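To keep things clear, I will list the structure first and then write my remarks on it.
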Amino acid sequence: MTDQEPSELSGAYLRSSAIRLAQSLVETLEALPDEAWTRDGRSRVSTQRTMTVEQATAHELAWQAMLGAMQMATTTSLALSHMSTPVAYGDPAGTNEAMAHAVRTHVRTTLQDPLLIHLLDECGRKPFTCPKCQHTSRHPRDIEQGYCGNCHDWTGTPS
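So for the sequence shown, our numbering puts the first residue at 228; every next one is plus one.
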């Protein structure tokens, strides 16, 4: 990559790609005829070409932001589900739990989308601890079913 090429993750690159997509969308809309046949071929409908480049750009940027938020929520939920007991990570003081709480709080305030917050809350529930081997799991399905990934058995009552 040269010095003048924008990074694919930079805001400028996302904005410029959104503008290019919006311009192509507006050009496509302008190329449509004023009237078009419906799929059944029986009646005509009038096509409305009212979207401006600015509206299309705003729509594309909102779409990219939503995809970014979904990726962040998925990554965060996976990271939180893989956090196990503090002792397993050599952290007897329990700072992993404090860090997990801080991450959940930050992401919850950042996302502001009920569906993504629900996904995050699924991994924020109390972890399941196996009564046989004391293995702790934060995976939502393990918590729900009382499954121990260490014993490979449904050994306990879900919490």
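Beta carbons: idealized from backbone N, C-alpha and C, even for Gly. In this text, all values refer to a predicted model and were calculated from it rather than measured experimentally.
Where residue i falls, given that 16 or more other Cβ within 10 Å makes a residue buried
i: C360; result: exposed
Neighbourhood of residue i by C-beta distance below 8 angstroms, restricted to the same chain and skipping five residues each side
i: G376; result: H362, S364, H366, D369
i: C378; result: C357, K359, C360, H362
6 angstroms CB neighbourhood of residue i in its chain, flanking five on each side removed
i: T336; result: none
i: Y374; result: W381
Contacting residues, own chain, Cβ-Cβ under 7 angstroms from residue i (five flanking each side not counted)
i: T332; result: none
Any non-hydrogen atom of the ligand NAD closer than 7 angstroms to residue i Cβ
i: N377; result: Only the bare structure without any ligand can be found here, which leaves the ligand NAD out of the picture.
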